[in-house]
Amino acid sequence: MQERYLDARTNANRAKQAGHGHVRYPWRQKKNYPTRWKKDGFTIQPNGKIELSMGIHNGKREKPIIVHVHRIPPRKVKEIELVWDRKLTLAISYDDGTQPRENLNRGIAAIDMGEIHGIAAVADTGEALVVTSRKLRSVKRLRNKKFKEIYQKRSRCKKGSRKWKKYTCAIARIGSKTDNQQRDILHKMSHKFVAWANDQGVKTAVVGNVEGVQRNTSRRNKKNLKQKRHSRGLNQKMSQWPFGLLLAYLTYKLAALGIDLIKIDESYTTQTCPVCGRKKKPSGRTYQCHCGYICHRDVHGARNIYAKHKYGEIRTLDWSVENIKYLRPAS
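Read in order, the letters of the sequence shown are residues 575 to 905 in my numbering.
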């Protein structure tokens with residue numbers, strides 16, 4: 575617990591030094607906080623008995639926490655964490671012995687991450703992939719609607735009362751369910767892309783870095799009066815866009831197949847025409863320029879990311895997209 579607090583404080587300090595003045599140091603008190611035991615803090619018996627050390631207090635060693643599990647991981651356990659998600663759960667991390675696969679391919683694929691289409695990718699084979707995230711948007715929309723109703727009801731109750739606690743438990747239950755649904759959808763989305771990239775013979779995957787789009791989405795910030803004020807709905811969608819979690823899933827799944835993942839600046843890749851260089855904010859899902867260039871909006875962004883990675887600038891490519899494959903994150 576102390577390590578996580580120190581890491582959060584260090585990262586907040588680095589963010590402030592980088593110019594992000596709105597970042598705050600950890601200040602909120604949490605009722606439940608995950609507790610972690612590393613390699614010397616636990617003992618595992620062959621019969622499934624786990625002893626979690628509680629350390630020494632006032633010169634006396636405390637009694638360990640004893641937990642019995644039905645199945646012990648077959649490999650060496652690296653870490654055990656006690657997590658609260660509507661109930662206490664043990665999260666056991668272990669080495670599964672899997673080594674990254676040797677990849678002798680030379681292909682390159684570019685990814686344009688989006689809030690509507692979670693993954694839009696192109697490969698130098700002329701194939702394109704679009705994985706929609708509309709199901710995730712629907713799940714988030716339903717959660718926000720339920721949250722609003724429950725928060726309004728809870729605001730009319732006395733804090734700490736039986737009714738207030740009931741509504742608080744309902745909020746935690748709905749949030750936990752949505753988080754599980756989100757993880758399931760993002761795992762399926764990343765799996766779809768990794769399987770497609772492997773079929774296309776990809777060695778390097780390039781993704782546009784969208785870090786920062788979730789910032790300045792609060793309507794309470796009135797310091798920068800020249801900044802464009804977006805609608806509350808758009809701000810909510812941007813602040814709840816889980817692109818970091820999707821990127822984390824892509825990173826380790828691609829690494830297992832020996833595919834390198836590189837992040838580059840994606841500025842103006844959606845707006846710039848690769849033929850004439852004119853900048854235009856597209857409306858709708860199709861990018862159409864006055865010079866006659868037409869392309870799917872997200873595929874167009876992925877093509878420009880590919881060009882910036884390979885040539886250092888947005889320009890026309892020596893290959894064209896022959897086929898676009900549309901997928902939903904379903905099993």
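Backbone N, C-alpha and C define an ideal beta-carbon position, used for all residues, glycine too.
Between which two residues does the beta strand (DSSP E) containing residue i stretch?
i	result
Gln-770	For clarity, residue 770 is Trp in the given sequence; the question names Gln instead. Where Trp-770 is concerned, there is no enclosing beta strand (DSSP E), although the alpha helix (DSSP H) it sits in stretches over 736 to 773.
Gly-681	681 to 687
Lys-652	651 to 658
Lys-572	Since the first residue of the chain shown is 575 and the last is 905, residue 572 is not available in this structure.
Ser-667	662 to 668
Gln-862	860 to 862
Ile-640	639 to 642
Arg-610	609 to 611
Asn-632	Per DSSP, Asn-632 belongs to no beta strand (DSSP E) and is neither H nor E.
Ala-904	Here Ala-904 belongs to no beta strand (DSSP E), and DSSP marks it neither H nor E.
Gly-700	Unbroken run through Gly-700: none, as it is neither H nor E.
Glu-625	623 to 626
Asn-783	776 to 783
Ile-618	616 to 618
Pull up the distance between the alpha-carbon of residue i and that of residue j, whole angstroms please.
i	j	result
Ala-744	Ile-724	8 angstroms
Thr-752	Lys-714	7 angstroms
Asp-938	Ala-586	Residue 938 is absent from the structure shown; the chain starts at 575 and stops at 905.
Gly-681	Val-776	4 angstroms
Gly-786	Thr-672	34 angstroms
His-874	Leu-716	31 angstroms
Tyr-599	Arg-583	6 angstroms
Val-780	Thr-843	13 angstroms
His-596	Gln-603	19 angstroms
Arg-736	Ala-746	16 angstroms
Glu-689	Val-784	11 angstroms
Pro-608	Glu-577	11 angstroms
His-691	Lys-719	22 angstroms
Asn-679	Lys-827	17 angstroms
Pro-674	Lys-733	52 angstroms
Trp-601	Asn-754	27 angstroms
Cys-847	Gln-726	47 angstroms
Cys-865	Ile-666	57 angstroms
Ala-589	Leu-626	35 angstroms
Asp-670	Asn-809	41 angstroms
Arg-852	Thr-890	13 angstroms
Gln-591	Ile-836	25 angstroms
Hey, residue i and residue j: beta-carbon distance below 8 angstroms or not?
i	j	result
Gln-774	Ala-697	yes
Gly-832	Asn-677	yes
Arg-730	Thr-742	no
Gly-886	Glu-840	no
Val-643	Leu-664	yes
Ile-759	Phe-721	no
Ala-683	Ala-694	no
Val-641	Ile-630	no
Ile-838	His-883	yes
Cys-863	Lys-854	yes
Met-628	Lys-637	yes
Lys-709	Pro-903	yes
First and last residue of the alpha helix (DSSP H) that includes residue i?
i	result
Arg-806	806 to 813
Lys-722	708 to 729
Leu-819	817 to 830
Lys-882	871 to 885
Lys-837	Not the alpha helix (DSSP H): Lys-837 falls in the beta strand (DSSP E), residues 834 to 839.
Residue i: which of the options sits nearest, CA to CA?
i	options	result
Ser-750	Arg-660, Asp-839 and Leu-716	Arg-660
Ser-894	Lys-740, Asn-878, His-691 and Ala-582	Asn-878
Arg-610	Asn-621, Thr-584 and Ile-639	Ile-639
Ala-771	Asp-758, Asn-809 and Thr-825	Thr-825
Lys-605	Val-657, Glu-636 and Gly-633	Val-657
Arg-711	Tyr-861, Gly-807 and Val-768	Gly-807
Asn-621	Glu-577, Gly-692, Ile-646 and Arg-635	Ile-646
Ile-888	His-864, Gln-862, Cys-850 and His-804	Cys-850
Ala-769	Lys-634, Ser-735, Asn-754 and Ala-829	Ala-829
Tyr-880	Cys-865, Tyr-861 and Thr-778	Thr-778
Tyr-668	Pro-674, Pro-648, Arg-675 and Lys-740	Pro-648
Ser-707	Asp-670, Phe-767, Ile-666 and Trp-738	Phe-767
Is the shortest distance between the beta-carbon of residue i and the beta-carbons of chain D less than 8 angstroms?
i	result
Lys-727	The chain inventory of the structure shown lacks chain D, comprising one protein chain alone.
> Touch check for the region 860 to 874 and the region 813 to 833: three-plus C-beta pairs under 8 angstroms?
Replying inline: As far as the Cβ criterion goes, the region 860 to 874 does not touch the region 813 to 833, which means the pair count is below three.
>> Three Cβ pairs or more, each shorter than 8 angstroms: is that satisfied between the region 637 to 656 and the region 608 to 618?
In response: As far as the Cβ criterion goes, the region 637 to 656 touches the region 608 to 618, which means the pair count is three or higher.
> Below 8 angstroms, can you find three or more Cβ-Cβ pairs linking the region 893 to 902 to the region 690 to 704?
Replying inline: With the cut-off at 8 angstroms, the region 893 to 902 and the region 690 to 704 touch.
> Does the region 817 to 836 come close enough to the region 759 to 767 that 3 or more CB-CB pairs lie under 8 angstroms?
Replying inline: Counting Cβ pairs under 8 angstroms, three or more are found: they touch.
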